[in-house]
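A.B. asks: Just so you know, we're using full-length UniProt numbering here: the sequence shown kicks off at 1 and counts up by one. Ideal placement from N, C-alpha and C gives every residue a C-beta, glycine not left out. Model, not experiment: these values are computed from the prediction. Mind having a look at this structure? Questions to follow.
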Amino acid sequence: MLDLAWDKGPALSEHERGQLAIAIATAKVAATRSGLELCSRLFEVTGARATHASLRLDRHWRNLRTQSLHDPVDYKLHELGDWALNQSLPTPTFYS
């Protein structure tokens with residue numbers, strides 16, 4: 001989907017861009033939620049030894065949190081909610 005939109009370049013319509021934004025927001029929310037759950041479970045399963053610096057397992061959680069805060073998930077959830085309730089496609093913003 002992203003490749004097709006990229007190939008269209010400036011010919012991409014407003015509606016197509018909005019649909020792509022919804023797909024990307026959905027993927028970001030799903031990846032963030034599942035990733036944080038997996039990282040939490042990783043530490044639950046491995047116990048206190050998982051925090052040992054030599055294992056560097058904390059980097060997975062830290063990298064995921066950094067990615068999730070780059071363009072905050074709350075903004076993506078707001079866009080998805082507006083689309084679900086009002087069929088309003090997102091407009092480009094600083095966090096797009």
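(1) Considering only C-alpha positions, which residue in the set G81, A53, A11 and Y75 is nearest to P92?
(2) Just to confirm the assignment, what range does the alpha helix (DSSP H) spanning G9 have?
(3) My understanding is that L80 touches I22, with C-beta atoms under 8 Å, so please give their C-beta distance in whole angstroms.
(4) Identify whether A31 lies in helix, strand or coil by the three-state DSSP scheme.
(5) Have a look at P72 and A30 and give me their C-alpha separation to the nearest angstrom.
C.D. replies: Working from what's here:
(1) With distances taken between Cα atoms, P92 lies closest to Y75.
(2) Boundaries for G9: no alpha helix (DSSP H) harbours it, and the DSSP string shows neither H nor E there.
(3) Right, the Cβ-Cβ distance comes to about 7 Å (below 8 Å), so this counts as a contact.
(4) In the three-state reduction of the DSSP assignment, A31 falls in the helix class.
(5) One C-alpha to the other measures close to 13 Å.
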